[in-house]
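Enquirer: First residue of the sequence shown? That's 11 in the numbering used here, and the numbers climb one at a time after it.
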Amino acid sequence: MRRLLPVTDMTAHETGAGEVHGTAAGKATAATEATATRAGEAQVAAVGEAPAAGREWTLDELADAYAYPEGDAVWLRANMVSSLDGAGQHEGRSQPLSSETDMRIFGTLRGLADVIVVGAETVRLEGYRPARAREAFAARRAAAGQGPAPVIAVVTASLDLDFSLPLFTEPLVPTLILTGAAAPAERVRAAREAGAEVLVAGDGAGVDPARAVAVLAERGLRRQLTEGGPRLLGQFVAAEVLDELCLTISPTMTAGGAQRIAGGPSVVVPTRFSVASVLEQDGFLFTRYRRI
Ligand SMILES: NC(=O)c1ccc[n+]([C@@H]2O[C@H](COP(=O)([O-])OP(=O)(O)OC[C@H]3O[C@@H](n4cnc5c(N)ncnc54)[C@H](OP(=O)(O)O)[C@@H]3O)[C@@H](O)[C@H]2O)c1
Numbered sequence: 011m012r013r014l015l016p017v018t019d020m021t022a023h024e025t026g027a028g029e030v031h032g033t034a035a036g037k038a039t040a041a042t043e044a045t046a047t048r049a050g051e052a053q054v055a056a057v058g059e060a061p062a063a064g065r066e067w068t069l070d071e072l073a074d075a076y077a078y079p080e081g082d083a084v085w086l087r088a089n090m091v092s093s094l095d096g097a098g099q100h101e102g103r104s105q106p107l108s109s110e111t112d113m114r115i116f117g118t119l120r121g122l123a124d125v126i127v128v129g130a131e132t133v134r135l136e137g138y139r140p141a142r143a144r145e146a147f148a149a150r151r152a153a154a155g156q157g158p159a160p161v162i163a164v165v166t167a168s169l170d171l172d173f174s175l176p177l178f179t180e181p182l183v184p185t186l187i188l189t190g191a192a193a194p195a196e197r198v199r200a201a202r203e204a205g206a207e208v209l210v211a212g213d214g215a216g217v218d219p220a221r222a223v224a225v226l227a228e229r230g231l232r233r234q235l236t237e238g239g240p241r242l243l244g245q246f247v248a249a250e251v252l253d254e255l256c257l258t259i260s261p262t263m264t265a266g267g268a269q270r271i272a273g274g275p276s277v278v279v280p281t282r283f284s285v286a287s288v289l290e291q292d293g294f295l296f297t298r299y300r301r302i
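1. Would the beta-carbon of Gly-303 fall within 8 Å of that of Ala-191?
2. Between the Cα of Gly-272 and those of Pro-261, Gly-266, Ala-286 and Leu-255, spot the shortest distance and give me the residue it belongs to.
3. Identify whether Ala-88 lies in helix, strand or coil by the three-state DSSP scheme.
4. Name the residue from Leu-295, Gln-291 and Ala-248 whose alpha carbon lies nearest to the alpha carbon of Pro-275.
5. Which partner residues does Leu-188 have in the DSSP bridge list?
6. Just the C-alpha distance for Ala-167 and Phe-173, rounded to the nearest angstrom, thanks.
7. Which same chain residues end up closer than 7 Å to Tyr-78 when comparing Cβ atoms and leaving out the 5 residues on each side of it in sequence?
8. Could you tell me which residues DSSP puts in a beta bridge with Thr-297?
9. Taking the alpha carbon of Leu-257 as the reference point, which residue from Ala-163, Glu-101, Val-285 and Val-279 has its own alpha carbon closest?
10. Please name the residue in Ser-260, Glu-250 and Tyr-299 whose C-alpha comes closest to that of Tyr-279.
11. Once the 5 residues before and after Leu-72 are set aside, which same chain residues still bring their CB inside 8 Å of it?
12. Could you have a look at Phe-173 and say whether DSSP puts it in helix, strand or coil?
13. Would you kindly work out how many angstroms separate the C-alpha atoms of Ser-260 and Ala-141, rounded to a whole number?
14. Judging by CA-CA distance, which residue of Glu-145, Gly-96 and Gly-239 is the nearest neighbour of Leu-135?
15. What residues are listed by DSSP as bridge partners for Val-128?
16. Assign Pro-16 to one of three DSSP states: helix, strand, or coil.
17. Would you grab the beta carbon distance between Leu-303 and Asp-124 for me? Rounded to a whole angstrom, and I think it's under 8 Å.
18. Name the DSSP bridge partner or partners of Ser-93?
Structure (structure tokens):
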């Protein structure tokens with residue numbers, strides 16, 4: 011993996027024939043240059059170390075690179091993948107646009123989050139399972155006062171979900187349902203009987219996206235990660251509560267009429283973001299933007 015941005019005097023650069031050299035001594039976490047094995051393990055040659063030998067970019071180093079801002083602020087980041095021509099899905103799934111490194115970053119972002127907020131359609135189409143407790147993140151999570159795995163919060167008005175699935179019956183921490191006050195009572199009952207916790211974050215049938223962020227934050231879930239889908243993400247954008255977008259640009263073209271990564275009504279004035287970092291692996295760009 012190459013760190014394309016931020017470029018610093020410690021940013022490593024290629025000197026040819028696949029050889030990679032750093033320009034200054036420094037900590038691996040501050041300036042790194044990586045290549046990947048076929049197994050998808052990112053390898054990193056730390057600046058100041060023997061770069062030709064390289065070494066694996068650990069999940070810990072990825073976690074450092076993607077750490078939430080320090081402090082107590084509520085922070086909502088999204089993690090999405092898009093094709094070059096803007097598709098956020100192919101044949102109903104995002105997996106065809108993804109890569110092994112993308113999945114490593116996906117897992118890292120999960121490992122850092124208190125809560126994963128996801129739209130019900132993505133749960134239905136992608137067969138969501140409970141988040142796992144991963145040894146690689148255990149110490150970091152404990153030090154940050156986090157439980158062993160992030161909570162999954164499903165946004166739904168209909169609660170038309172299969173409550174017999176492991177997402178509801180087997181999570182480490184009960185899955186949350188975010189819905190409106192007018193949600194169908196029998197579905198709310200079914201969700202609770204299955205072990206889910208139902209939270210109201212809207213006065214009507216649906217969820218007010220800004221209120222969803224606040225309701226989760228009130229429960230101490232301030233490091234928030236949304237994994238979409240596009241209809242949900244579009245609402246977070248329109249409500250101006252999306253702080254950060256971790257966007258994987260997949261070196262693929264799909265044509266067709268796939269959804270973009272954010273849908274719904276367009277905003278009046280395009281929301282501006284600034285680039286925070288760009289990593290590259292196998293032609294995939296792992297970008298990170300913050301709302302200005
Ligand atoms: N490219 C990527 O990174 C990425 C990421 C995630 C998903 N995807 C793809 O996106 C597709 C699914 O996304 P999508 O946009 O169609 O659906 P989605 O955003 O995942 O879910 C839409 C559903 O969420 C619920 N919902 C959304 N806003 C709500 C609100 N304000 N209040 C209450 N409920 C609300 C509704 O559920 P109910 O119908 O239950 O009321 C709605 O039908 C899949 O193909 C998936 O593969 C791509």
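All C-beta atoms, glycine included, are put in the ideal place defined by N, C-alpha and C.
Expert: In this structure, then:
1. Residue 303 falls outside the range modelled here, since the chain spans only 11 to 302, and no answer is possible.
2. In the sequence on display, residue 272 carries Ala and not Gly. Minimum Cα distance to Ala-272 is reached at Leu-255.
3. Shown here, Ala-88 sits in a strand according to DSSP, grouped into three states.
4. Ranking Leu-295, Gln-291 and Ala-248 by Cα distance to Pro-275 puts Ala-248 first.
5. Val-165 and Leu-209
6. C-alpha separation (whole angstroms): 15 Å.
7. Trp-85, Leu-122 and Arg-233.
8. In the DSSP assignment, Thr-297 forms a beta bridge with Leu-257 and Val-288.
9. Val-285
10. The question names Tyr, yet the displayed sequence has Val at residue 279. Per the Cα distances, Glu-250.
11. Same-chain partners within the cutoff: Ala-52, Arg-114, Ile-115 and Thr-118.
12. coil
13. Looking at the two C-alpha atoms, the distance is approximately 24 Å.
14. Residue nearest to Leu-135 within the set Glu-145, Gly-96 and Gly-239 is Gly-239 (criterion: CA-CA distance).
15. Val-164
16. coil
17. Residue 303 lies beyond the residue range present for the chain, which begins at 11 and ends at 302; the question has no answer from this structure.
18. Answer by DSSP bridge pairing, in chain order: Ser-260.
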